[in-house]
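To convert, count from 1 in the sequence shown and add 691; that's my numbering. Encoded as structure tokens, the structure appears first; notes follow it.
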Amino acid sequence: MKWSINQLQKLRDKGLELNETMDLDEELKRVDSQIRGATPVHVTGKVDIGSSRVTFHLQVEGALTLPCSRTLKDVHYPYHIESKETFLLNSSGYGSEEESDEVHQLEGDVLNLTPVIVELIVLEIPMQVYSEEAKNEDDFHPSGQGWEFISENQKKDKIDPRLAELSKLLQTEKDQD
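Right under this line is the structure:
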């Protein structure tokens, strides 16, 4: 999704409506190695074009395939993002506003929205994703050679055998008092 400054200025009086579907699978995988796949991204919204700035009111929808944090199985993770992104058409206004950290600066004479959309999607990825199997802890008890997963409810209070004698000694002292 690219526009030149001249194209945008011609659309200033008419405005611009977005309704695009983009395949960002490769870009998303390149940015975040945890992403195993991505459905085509549907971008809708409207664009306010001024003489010195362009503001996009975006709705971004799609789904990612991410690894489960417990089982590493593929998890389908849908997302819906709403965002307002502002691009300055000239550098003279940059830094003069309170929202200067939320404003994008153009590189050259072309406004490219794709990197911004990729960034929005990557920021939407949660730290941990669980498959349906892993969410139901009653049915999910992994184990391996010499270890097993137990919940807090299953944990039993065991006395360390090295401290068992000390426990007996303390108990006899309490009985004597």
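Where is the CB? At the ideal position from N, CA and C, for every residue including glycine. Since this is a predicted model, take the numbers as computed values, not measurements.
Counted within 10 angstroms of its Cβ, other Cβ atoms place His795 as buried (16 or more) or exposed: As a first step, residue 795 is located in the sequence shown; it is residue number 104 there, counting from the start. Flag for His795 reads buried.
Contact check, Asp739 vs Ala729, beta carbons under 8 Å: To locate residue 739, count along the sequence shown from 1; it is residue 48. To locate residue 729, count along the sequence shown from 1; it is residue 38. Not in contact: Asp739 and Ala729 (Cβ atoms no closer than 8 Å).
Lys701 versus Asn710 - alpha carbon distance: Taking the sequence shown and counting its residues from 1, the one referred to as residue 701 is at position 10. Taking the sequence shown and counting its residues from 1, the one referred to as residue 710 is at position 19. Each residue's Cα considered, the two are about 19 Å apart.
Buried versus exposed, by CB contacts within 10 Å (16 or more), Val801: Here residue 801 refers to the residue found at position 110 when the sequence shown is read from its first residue. Classification of Val801: exposed, given that the 10 Å Cβ count is below 16.
Environment of Ser695 [buried if 16+ CB atoms lie within 10 Å]: Within the sequence shown, residue 695 is the residue found at index 4, counting from 1. Exposed is the call here.
Ser774 - containing beta strand (DSSP E), residue span: In the sequence shown, residue 774 corresponds to position 83, counting from 1. Run containing Ser774: Asp765 to Leu779, per the beta strand (DSSP E) assignment.
Beta strand (DSSP E) runs contained entirely in the stretch 711-775, provided each spans 3 or more residues: 732-740 and 744-758
Identity of the residues DSSP links to Lys693 by a beta bridge: Within the sequence shown, residue 693 is the residue found at index 2, counting from 1. Lys693 pairs with Asn803.
Beta-ladder partner(s) of Glu708, from DSSP: Within the sequence shown, numbered from 1, the residue matching residue 708 stands at position 17. Note: Glu708 sits in a beta bridge opposite Lys737.
Helix, strand or coil at Gln796 according to DSSP, with G and I counted as helix: Working through the sequence shown from its first residue, we reach residue 796 at position 105. Gln796 falls in the strand class under three-state DSSP.
Euclidean distance between Cα positions of Thr756 and Pro852: Sequence index remark: in the sequence shown, residue 756 carries index 65 (1-based). Sequence index remark: in the sequence shown, residue 852 carries index 161 (1-based). Rounded to whole angstroms, Thr756 to Pro852 spans 47 Å at the Cα level.
Assigned exposure category for Ala825 - 16 Cβ within 10 Å defines buried: To locate residue 825, count along the sequence shown from 1; it is residue 134. Under this definition Ala825 is a buried residue.
Three-state secondary structure assigned by DSSP to Glu789: As a working note, residue 789 is residue 98 in the sequence shown. Low confidence applies here, because Glu789 scores a pLDDT of 49, under 50, leaving its location unreliable and the question unanswered by this model.
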